[in-house]
C-alpha cells in the first residue's frame, strides 16, 4: 500500500530527478500552491526555474467540519513549475504517475480542457484538468500572465490533488480512511483540525477582526511596494487573500465588496509583479536567463522523380485541444491550405480535413508533381510610341527593355483590345510540389489561431494549445516546411500510451491507414458515429437507451475528448435514483461527461456510459469512473438528505446570511422584495383565485433553496431543487412549480415559466435585480456585467413576451413599483435609463432572431409592453407588403416629417379654412375618439386607415406654410395630431425607404 | 556532494523509517518547529506521536540583509518529535547523522547541556545542543512542560539546524555557497528574500500595523478559546508571536511591554493546552494511548559460594549529565550507598565515587559475602512479676511469651542495670551480600536527584537526565536490583562509537580495567589531570601555554564534557588577533569551551585547545573546530569593523532606538540620566580636576557601546567594547576606562571600578535603575526580578564599599537625586522602601560573607553609608570582646529598654533632682556636644564611653518610675537622650545576648 507520505516523497524524488528544486510550502495560508512565491513570483521574468513542493492549500469555503468524505478546508497540493516549459511536460507528468505506481496504459488518463484564472493574482493560463478514470487529479496550466503581466518565459504549472489521487490508489471512499503512514489514518491525524477550522471559517471567525486584518494587510503590502520590497508585499498580499476568503466563507462579503477587494488585490499583484521583475533585473538575474528557442531548419529533401500526382497530408500535432476549438481550427487550416493552393498553379484534387484532440489533419488528393509551366508577358508602350518613324526604338522602348532586363531587339509584340504594344514574354517553369506545398502549408500553419490563444516555449507561435509536431508528406516525400521552432517530418504520433508512440509513415497515401491501424479515428464524424453506436449497444445490454439526439451537445464534446473512443458501461447504486433526476444528470453531464442511460419510458437507469480513450483496461477504468460518480452522488445525497431534513422556513432563513450586495441587503431581503413585487404585479393582471392563492404561498418561499447545501454546491440547480424540496416539504404542486419557475429562464433560450404565478415571480425577480443594481452599481457598460443584468433583462422580456396574461404589464409602471421596494432611493431618470436599456435589448433580441433591423426598430417603441410589441411586430411583418398600410405609413410619415420636432399637436379647428383641412380635422377627431393608445397594429390600421385619403388630399391642396402665422400653426398642429396618433404604435420613420 | 535538498529528503526518509509521520511546515510564520501544532499540541496528552518535518523558521531578530554568512532571518530546521521517548533517541539521532553520510566515529559528536524554555509557550525541557566538531548542529530536548502543563507522556524533540550541517558537510563558509540542488546555490535562490525580509523586519515594518496585528491576533485567539476551539486559537497564538517578534526586531518593544506580551501569550498557550487535552479526551484519543512502562524484574541470580569479601561496583548509566550535576550526583550517590550500607551488618571497606558525563560509579571494596549472624533479645516483664510465689508464670509472662511466639518454658532471662527480666533470645542469620546490596543500592538509586530534574519514559524516576542502565556487580555476581523500569545486569556501555558499545564485565574487580581499556577515564581528577597535561603539551608545540589556574572553571566543565579526553590543538588566522582579547576569549570559552593559548608574556597566540571525546580523527575534528571558530570570529570581526567605522556619537544615537521601559524611556534617556546623576554625585565627593574632566567627558558617552553590533551580539562585552571603541575613537585612556567601569561589576564577585569617575558612573547607573523601576514596576518580590534590581543593589553597595572617596555619599540623599531625574514622579515613601530594600541586601551580603547575623543586623542601620557601615562592622568585630565596649553597650541597652518606644529624648534639666541623675545629665550634654552623628564606632566608644559610669550610677540609685509625673518624664527623657546618642551608630538591641 502506497501511503500518502510515501506518495509525496516519491513525487518529490521524481521531480527532483527532473531538475526541480524541492522547496517548502509557503509559510502563510494560501488557497493554492500558485500563490507561493515559488510559483507566482518565479513565473515572471527571464530566469529559468524548476521547482516542486507540497502545498497544504487552505480554502475556507470548502470547510465541511470533516463530515464530507471528499472535501477538506485544507487539502494537499503537490505543485510543480517548469520554466521554460520543456516541450514534453505532459509526458513528464505521465511518467510521474508511473512513479506513483499508476499503470497509465491500463488507466484512462486524459487532458480535459480547463482554463484557469485568478483575478486576485492577475494571473491566467490555458490547460487542462487531468482525469484518471474520470477523476480530476491534476490541474495542468500554461501560464500566460501573472500580476497582469505577460509571462516572458513560458511556464507550465502542474498541480496534483494529492488526497484524491491517494483515495483512488488506496481504493478508499473518504479522506478519513487514507493511510497516511503505516498504521495511521488521515482522519485520525487531521480530523480535529478539519472540524475546528471549519467551525472557525463557517461560524466563529470574528468578522470585524478579519475585516481589520484585510485592511491592515493590504495597506502594509502597499507600503512595502512604496519602499521597493516586492517580497514582503507579496507575503501581505497572500494574507489579504486569506482574510478575504475567511470573510467570504463567513458570508460577510457583499458582491460589490468582492469586486472592490479583488480590484485591490489585483492592483497589488500587478505592482508586486512589476517590482519583482525590475528587482531581478537590478540583481542581474541571479539564476541566469533561459536560452531562446532557435528557429528550425527544414529537413533536407529532394522530390522523388515522378510525374504522377500524389496525395498530400498535413498533420499538425498539438497538445489536447479544447473540444470547441479542434473542429474550427481544422476547418480553418483546410481552408487556408486550399485557398493558398488554389492561388498557385499546382493542380490538386479534393481537400478533406479531420480533427482529433491531438491532431489537425488536411488531406489533399491528387496533388500534381509540379506546377504547370507558363508564359508571362509584360506589356510595354504602344507600338506606335516604341519606334520613331525611322523604326528606331524610342526612349520609351529602351526604358521598358531596360526595366525588364532585355535588349530592345528582344522585345516582343502583343495585341490588346486591338492595340499593339511592345512586350516582353517569359517562359516560366512551375515549381515542384514540395516547394509549393512547403510554402503554402508553412504559411497556413502560421495563421493557426483559435478563439483564445496561448503562448508556449516557441515565442513565434500562438494557438489554443501548443503545437508539438508537423507531419507533411507529399506521396513519399517530406514537404520541408517549418514553423518557427518546428520542422516537418514523416513521423506521426500515436496514443502516448502506445507501445511505439512515434511512427514513421512511408507515404502520404498510407497515413490514414497507419493511424487507423493504431486505433485512432481521425475523422470526427466517424468517431461520433462509433461512439453513438457503441453507446446504444452498451445501453441495450442493460435494457436501456441513450437519447443521442438529446445528448447531442455532450456527444459533440466527447467526440473531441478522445482519439480512440472506448465507451464503457458503468453502474451506480439504485439508491441514488432517489435523488432528483436533475441532480443525477447534471453531475453526469456537466462534471463527468457521462451519458445517462434511460429505460423505455424515459426514466433513468442506474447506469451510465463513459467514453474512455484508447485500449484501456475496461474493468479498471469502469471501477474508477464508478467510484468517482459514487463519490459525487454521495456528496449530493449527503446534501440532499441534510437539506430535506430542514423545514423550508429554516432554509429560507439561511438567506439572511447571504449578502446580495452591501447596499441592497441580504438574499433574504431580495427574496422578500421579489415576493412583494410579484404580489403587486398580480394586482395588474387577470388571474384565477387558485393562481392567486398559489402566488400568495409562493412569495414566502421564493429563492429559499439558495439556502440549501445542494444548491450551494450545484448552483445550476437553483429553482429545480426548490421545486423538489417544496414538494417534499408538503407544498402544493402549483406552489412548487411556481417557485421553480421564478428562476426561469436560466439562460438565453432556456424554458420559460408556464404558470402565471411562476411568470410573475420570474419577472419580479429580474426587475428587482435590474432596478436595484441600476440604482446602485449602475447599468452594465462594455463587457463588464458582473451581476448579469443583461441576462436578467433578456429573461424578463422573454417571460413578458411568453404569456398573454402578462400583456397588461407596462414596464414603465412596473419598474416604478420595483423601485419603491428598493432599500435605496431610485431616481426617475434612472427608470428612464432602465427602460431605454430594456428597449435596446428587446430590439437586439429581435434582430438576433432574424427580424430586419428597421422593423425591429419600428416596434421597439413598444418594448415597455413586450407582448404588445411582439403582436405589433407580427402584424407589421404581414402589413408591410400591404398597399393600404404603405399608404397609411406614407401619410403618417409625411405628417411627421413636415412638422418640426416638438411642435405640439394642438390647434383651433376654427383657424382652419380649407375644406380638405377641415375634412382632415374631422377624420383625426374621429380616429382619435375610436383609438385606444394601446391598440394593436391591425386595429390601428383599421381605425387610422381612414386618415390616408384626407391626409393625401390635404397635401395635394393645402400649402402648409401659410404666411398667416395663425393658420400655419393650426395646420402644423393638425398634422402633428396625425403624427401623434401614430406615435407609440410604431416608429414610423423606420418604415420610410 | 550531498545537496541541501538531498539532505532534507534523506532525513525525512530516515525518520519515516523510524515510524515518524512526514508532515508539512506550519502554514504561518513560526520562530521554530516547536511552535508547529505537530509539536506543541501533540506533545500534550497520552497519545503516542512520532513526526518529522522541515520547518523554515523565521526570526526577525536574525535579519542581516543576507550579509552575514551564518545568520538568516529564515533558517531551516528539521524537526523530529518522538513520544513517548523511545529510550534510544540519542542513538537514533546518531544513526540519522550516519544516514547523512557523517562518519560519527571519526567526528566528535557531543551532547552538551542546553536546557530550553519558551516563556510564550509555557514550555520547557532539558537536553543538549549537539556539537559536531564544536559546531552546534542540533537541539535535543526532553519536554517537561507545554502550555505550563506537565508532559504526560515523555516526548523528545530533535531539531536539526540544517544550513549549519550542510555548510559543514559541504565545507563552505557562507550560506550563499550552499549547493541547494545540483547547480543551484542557496544564495542565488534565497538572497533576495533574505535582503527584503531583513529590510522589512529591521527598517520598514509599520510599527502601528504590527501592534494592531498583535492585538487582533491575541483577541481572536481568546475568542476561539471561549468557544472551545484550540486549533484556531493556536494558529492565532503563532501569529501573535510573529507580530511580537517583528515589533521586537524593529526595536518597538519596551521591557515592560515585553513582559506583558509574554504574559498574554503564556496565558493563551496555557488555555490552548488545557483545551486541547480535554478535546482529545472527548474525542476518545483518536491515536490511542501509549502503553505504560512496566516495572523491571530483577535478574535471577544466586550468590557464588564464597566467604571471601569482594568488591562491589555500582554504575548508573545516564544520558549526558550537565557538568555541574555529575560530580554532585556521584558524591550524593556514594554517600547514600555508604550510609545505607553502614546501617546494615555487612562488613565493607572504603567507598570511592567516580563520574563521567554518562556514568556515576560507586566502588566499595571488601564487601563481605554475608552480614554477620547476630543474637537479638527481647526484654519481657521483670522476673519478679513473671512468676508467682509458686514459681508459676504469671499472666504477664504468658502474655509476653505469646506475643513472641514462644512457650513460657522457652523464656530466657536477661540482666539489665542489675535487674533481671524474662526475655526471648533469637539467633538471626545475616543476609547475603547480594540481598543487602540489592536493597541498599536500589534505594540509593531511587534517591538520585539533581538541582533540576526531568522525567522521561519511566514515570517513577526523575533525574537530571535519563538513567539508561544499571550495572551492579559484587565480585562475580550481579546484584539483582531494580529501579522502576530498569534492572541491573553486568553490562556496561562504552563510548557509543566503540566497535562494541556494550560489554559484559566478569567481576566487579575487573570493571575499572574494562572501562579503562576502552579508553574511558572514569576518575574525574584523572581526566582533569590528563586534560591539563595534554593541553600543556599541545600549547608547548606552538611555544605557548595554557593558564590552567586561570581556566580552572572552564577545565572543570570540560572534564565533565568528555569520557575519553582527546585534546587537540587548533589554530586561527592571526588576523583575528586584531580583535580585542575579550572578544576572542569570550567566544572561545563561553561559546566553544576552547582553552586559549598564550605566549610567555601572556598575550594570546592564534591557537586554541579543544577537547574532543574518544578516538576521533584528529585532523578532521580539528578542521571542523577551526571552521567553527573562524565563522564566529568572522562574525565578530564583521561587527567590530562595522562598529569601528562609526563615530561614537552615532553609536550613542542608536540608543534612541532601544527602549528601556515604556515609562522610563529609551536607553538613550537612561544613559543621559546616568551621566547627569554621575555629575551630581561628583559634587558630593572630593575629586581632582583631572578626575572631574574625565567624568565630564565620560558622561556623554556612557553606555554608547550598547548601540554597537558586537555588544548586541555578545552582550557580556558591554563596557569592555566601550573601552575599546572609545580608545579607537580617540578618547583618553581615563575616559575609556571610566566608561568601561560604569558597567562594573557585571556580576556578584566581579571586578569593581578602580577609578573614581568610573565608580561614580557605576553607582549612578545602578541607582537610576533601582529608583526608576521601584517607581514604575515596583521592587522585586519573590523570585521574579526581570530587571535584575537585586543585582543592581548589590553592585551599587559593592562599589560604595570599595572606595573611601565614596564614603561621603549618603544613599538617602543620593536616591533623592536619582529620583529627581526620573521621567515619572517618585514618592518619598518609595525612597524609604528602596533604602529599606538596600539595607536588607547589605545585611544579607554580610551574613553570606560569614558575618554573624546579630553583628550584620547591628551595623545594617548604617547601610545608607556603606563605607561607614563597613568600618563600623570592622570596629565592632574588634570591640565585641572588649569589656569597656560591653559596658557601654549594656548601659545604652539598659536605657533603650526602659524607655518606652517613641518616648522623646527631651527633658527639663531643672526637673531632675538626684545628684546621680544630674551627673548623667552633664555627661550626656558633654558627649552630645563632642559627637558627630556620622562618627565611626571607635570614635563613638571613645566619646560615649564616659556615659557608662553615670548610667550605672543612675540605675543603682534612682527609681525611674517616680510617682511624680513631671519627674518621671524628665528621667525617661534623660535616658532617651542616652539611647538616641547610640541610635544611628548601631542597632544596640542586636548586641544583647
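Protein chains in written order, with my numbering: chain U, 14 to 1006; chain Z, 14 to 1006.
C-beta: ideal position from N, C-alpha, C; glycine also.
Source: prediction; values computed, not measured.
Check                                                                                                                                        : Outcome
Chain-order list of residues whose beta-carbon lies under 6 Å from that of residue 169 of chain Z (same chain, five-residue window excluded) : 95, 98, 102, 155
Residues, ordered as in the chain, of the stretch 177-204 of chain Z that lie near chain U by beta-carbon distance below 8 Å                 : 193, 194, 195, 197, 200, 201, 202, 204
Nonlocal neighbours in the same chain, by C-beta distance under 6 Å from residue 341 of chain U, ignoring five residues either side          : none
Assigned secondary structure, residue 947 of chain U (DSSP; H/G/I helix, E/B strand, else coil)                                              : coil
7 Å CB neighbourhood of residue 213 of chain Z in its chain, flanking five on each side removed                                              : none
Residue 78 of chain U: contacting residues in chain Z (beta-carbon distance under 9 Å)                                                       : Ordered by position in chain Z, no residue passes the 9 Å Cβ test against residue 78 of chain U, which lies about 12 Å from the chain.
The stretch 134-154 of chain U / the stretch 171-182 of chain U touching (three or more Cβ pairs under 8 Å)                                  : yes
Contact belief for residue 755 of chain Z with residue 775 of chain Z at Cβ below 8 Å, rounded distance in angstroms                         : 5 Å
Proximity test, Cβ basis, 9 Å: residue 740 of chain Z and chain U                                                                            : no
DSSP three-state assignment for residue 526 of chain Z, whether helix, strand or coil                                                        : helix
Contact list for the stretch 580-608 of chain U against chain Z, Cβ threshold 9 Å                                                            : none
Proximal residues to residue 924 of chain Z (C-beta, below 7 Å), its chain only, five neighbours per side dropped                            : 979, 980, 983
Chain-order list of residues whose beta-carbon lies under 6 Å from that of residue 223 of chain Z (same chain, five-residue window excluded) : 256, 259, 260
Contact between the stretch 321-332 of chain U and the stretch 356-373 of chain U (3+ Cβ pairs under 8 Å)                                    : yes
Close-in-space but distant-in-sequence residues of the same chain around residue 436 of chain Z (CB under 8 Å, 5 per side omitted)           : 390, 391, 392, 393, 424, 425, 426, 427
In DSSP terms, what residue 1 of chain U is bridged to                                                                                       : Absent from the structure is residue 1 of chain U, since the part of chain U shown begins at 14 and ends at 1006.
Short CB-CB distance (under 9 Å) between residue 25 of chain Z and chain U                                                                   : yes
Nearest neighbour of residue 611 of chain Z, chosen from Z:632, Z:551, Z:973 [CA to CA]                                                      : Z:551
Within 8 Å of chain U by C-beta, residues of the stretch 236-247 of chain Z in sequence order                                                : 236, 237, 240, 242, 243, 244, 245
Proximity test, Cβ basis, 9 Å: residue 106 of chain Z and chain U                                                                            : no
Contact between the stretch 500-508 of chain Z and the stretch 466-474 of chain Z (3+ Cβ pairs under 8 Å)                                    : no
Spatial neighbours of residue 521 of chain Z in its chain, beta-carbon cut-off 7 Å, leaving aside the 5 residues before and after            : 323, 324, 325, 326, 486, 487, 488
Residue 838 of chain Z versus residue 781 of chain Z: straight-line alpha-carbon distance, rounded                                           : 13 Å
C-beta neighbour in chain Z for residue 69 of chain U, strict 9 Å                                                                            : yes
Cα-Cα separation between residue 731 of chain U and residue 637 of chain U, rounded to whole angstroms                                       : 29 Å
Minimum C-alpha distance to residue 139 of chain Z - residue among Z:146, Z:145, Z:133, Z:129                                                : Z:129
Chain U within 9 Å of residue 174 of chain Z, Cβ atoms only                                                                                  : no
Touching by the beta-carbon criterion (3+ pairs, under 8 Å), the stretch 622-630 of chain Z and the stretch 530-548 of chain Z               : yes
Contact set between the stretch 283-307 of chain U and chain Z, restricted to residues whose Cβ is under 8 Å from the partner                : 292, 293, 296, 299, 300
Outcome for residue 716 of chain U when other beta-carbon atoms lying within 10 angstroms are tallied against a minimum of 16                : buried
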